[in-house]
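To start, the structure under review is shown below, and the notes come after it.
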Amino acid sequence: EEYRSDSEIDNKLKEIMSSVLGKKGAAVTDLYQYEGFWCPLARLEGTLRAQKHFKPQPNQVILSSFPKSGTTWLKALIFAIMTQSHVSEPTNPLLTRLSHECVPFIEFDFRSSSPKLNLDVPLVATHISYTSLPKSIINSGCKIVYLCRDPKDVLVSTWHFIRKVLVNEEFSAVRDIPLEDAFEFFCQGLSFCGPYWDHLLGYWRASSESPERILFLKYEDLKNETGYWVKKIAQFIGYPFSLEEEDKGVVQKIIDLCSFENMSSLEVSKNGMIWLEKNGVNTMEIKNNTFFRKGKVGDWKNHLTHEMAMQLDQILEQKLSGSGLTF
Ligand code: A3P
Numbered sequence: 011e012e013y014r015s016d017s018e019i020d021n022k023l024k025e026i027m028s029s030v031l032g033k034k035g036a037a038v039t040d041l042y043q044y045e046g047f048w049c050p051l052a053r054l055e056g057t058l059r060a061q062k063h064f065k066p067q068p069n070q071v072i073l074s075s076f077p078k079s080g081t082t083w084l085k086a087l088i089f090a091i092m093t094q095s096h097v098s099e100p101t102n103p104l105l106t107r108l109s110h111e112c113v114p115f116i117e118f119d120f121r122s123s124s125p126k127l128n129l130d131v132p133l134v135a136t137h138i139s140y141t142s143l144p145k146s147i148i149n150s151g152c153k154i155v156y157l158c159r160d161p162k163d164v165l166v167s168t169w170h171f172i173r174k175v176l177v178n179e180e181f182s183a184v185r186d187i188p189l190e191d192a193f194e195f196f197c198q199g200l201s202f203c204g205p206y207w208d209h210l211l212g213y214w215r216a217s218s219e220s221p222e223r224i225l226f227l228k229y230e231d232l233k234n235e236t237g238y239w240v241k242k243i244a245q246f247i248g249y250p251f252s253l254e255e256e257d258k259g260v261v262q263k264i265i266d267l268c269s270f271e272n273m274s275s276l277e278v279s280k281n282g283m284i285w286l287e288k289n290g291v292n293t294m295e296i297k298n299n300t301f302f303r304k305g306k307v308g309d310w311k312n313h314l315t316h317e318m319a320m321q322l323d324q325i326l327e328q329k330l331s332g333s334g335l336t337f
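Reading the sequence shown from the start, the letters are residues 11 to 337 in the working numbering.
Given below as structure tokens:
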């Protein structure tokens, strides 16, 4: 849907808010359904505004992901790839700024009164579903790199994140939700940007149709074969490494710079924070260290029972059946 004016966007928001209200506890705040996906209000507002106003730069690269799939990491990797000649410099922004500062989310940026997406590096991120992406992105044919992750790890990672991020007492009911309840919600599709499987399938199908436009990645693959995928991503987005750069070990430098161990031990990650802003006003602070927990594949084994894991695997198998996508 296209909205012609900002007041139409405001009306649409009111309409969505009054029609379908998600269940409390499923995510950071109440979730609203928009174009088939559950969305927190702040993101929804930014999504509608981005649908109207976002204009990709020439050679724009879009990093899209399901939340808690390793976005913080992939932002850093792609930013480093796109600025590869500066990787070893002490002024590299990734050494002093969280990757979320270097690479903004479209839907957060368009919530503020003055979007800042005027960047030297044409890279932006989003959690918006493929269906709801601004048409300007689809029409421009710009490159999209999509990242997802084993839903069991996504669920566990989200659960921990919410517990750390929601410091205000007003959120205590959501924050203190038992993992079992979060699991139930997730299985019903009620999660931040969920249903999980629909988010994946949207990008998966688009990537199957246009593999030159959308690269579909999994956190597990990126973890297991980081070097291979860094080169693949670089080639895909049009920033391939020269033989000379490869000889100089640039790929390994990027991997080391963005590794969990290195990124999480930087001063900015340990003690910094970012603010979510609305209309020029800071509305919520997030400590940067909440974006770094374990960074491992399969930590769900320490949290979910065998039965829970089987149940979620079965749901996924059924939802993804026939698509060619498996976990
Ligand atoms: P865990 O909670 O399982 O540790 P997102 O960035 O999309 O919010 O995802 C967060 C997840 O990515 C967290 O997973 C976090 O620890 C992990 N992560 C953050 N930085 C990482 C890095 N440099 N390498 C690998 N994983 C990383």
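Ideal Cβ positions, reconstructed from N, Cα and C, are used throughout, including at glycine.
*If you drop the 5 nearest sequence neighbours on each side, which residues of the same chain put their C-beta closer than 7 Å to that of residue 224?*
For the purposes of this step, residue 224 is taken as residue 214 along the sequence shown, with counting starting at 1. 154, 156, 213, 216 and 217.
*residue 164 by DSSP, collapsed to three states: which one?*
Stepping through the sequence shown from its first residue, residue 164 is reached at position 154. Three-state DSSP puts residue 164 in a helix.
*By a C-beta neighbour count over all protein chains shown, 10 Å radius and 16 as the cutoff for buried, is residue 117 buried or exposed?*
As a first step, residue 117 must be located in the sequence shown, where it is residue number 107. Classification for residue 117: buried.
*Shell residues, 7 Å Cβ cut-off relative to heavy atoms of ligand 1*: 75, 77, 78, 79, 80, 81, 82, 83, 86, 163, 166, 167, 170, 171, 233, 268, 269, 270, 273, 274, 301, 302, 303, 304, 305, 306 and 309
*Rounded C-beta distance between residue 229 and residue 79? I'm assuming under 8 Å.*
By 1-based counting over the sequence shown, the position of residue 229 is 219. By 1-based counting over the sequence shown, the position of residue 79 is 69. So it is a contact: roughly 5 Å between Cβ atoms.
*Rounded to whole angstroms, what's the CA-CA distance from residue 280 to residue 138? Just pull it up for me.*
Translated into positions along the sequence shown, residue 280 becomes position 270. Translated into positions along the sequence shown, residue 138 becomes position 128. Cα to Cα, the separation comes out at about 28 Å.
*Shortest alpha-carbon distance to residue 96 belongs to which of 23, 264 and 64?*
Locating residue 96 in the sequence shown gives position 86, where the first residue counts as 1. Cα-wise, what sits closest to residue 96 is 264.
*In the structure shown, what three-state DSSP assignment does residue 241 receive?*
Taking the first residue of the sequence shown as position 1, residue 241 is located at position 231. Residue 241 falls in the helix class under three-state DSSP.
*Expressed to the nearest angstrom, what Euclidean distance is found between the alpha-carbon atoms of residue 34 and residue 257?*
Here residue 34 is taken as the residue at index 24 of the sequence shown, counted from 1. Here residue 257 is taken as the residue at index 247 of the sequence shown, counted from 1. Per-residue confidence for residue 34 stands at a pLDDT of 49, beneath the threshold of 50, marking its modelled position as unreliable; no derived number is given.
*Where does residue 17 fall in DSSP's three states?*
Taking the sequence shown and counting its residues from 1, the one referred to as residue 17 is at position 7. Here residue 17 sits in helix by DSSP.
*Could you say which of 201, 82, 247 and 319 lies nearest to residue 270 if we only look at CA atoms?*
The count along the sequence shown starts at 1 and reaches residue 270 at position 260. For the residues 201, 82, 247 and 319, the minimum Cα distance to residue 270 belongs to 82.
*By DSSP, does residue 224 sit in helix, in strand, or in coil?*
Stepping through the sequence shown from its first residue, residue 224 is reached at position 214. Note: residue 224 maps to strand in three-state DSSP.
_Which residue wins for smallest C-alpha separation from residue 334, given the options 88, 236 and 207?_
Here residue 334 refers to the residue found at position 324 of the sequence shown. Nearest of 88, 236 and 207 to residue 334, Cα basis: 207.
*For residue 175, which residues from the same chain have a beta carbon less than 6 Å from its beta carbon, with the 5 sequence-adjacent residues on both sides left out?*
As a first step, residue 175 must be located in the sequence shown, where it is residue number 165. Once the five neighbours on either side are set aside, the close Cβ partners of residue 175 are 296 and 300.
*Return the chain-ordered ranges of every beta strand (DSSP E) run that is complete within the region 171 to 215 and spans a minimum of 3 residues.*
none
*Going straight from the alpha carbon of residue 238 to that of residue 163, what length do you get?*
Taking the first residue of the sequence shown as position 1, residue 238 is located at position 228. Taking the first residue of the sequence shown as position 1, residue 163 is located at position 153. One C-alpha to the other measures close to 23 Å.
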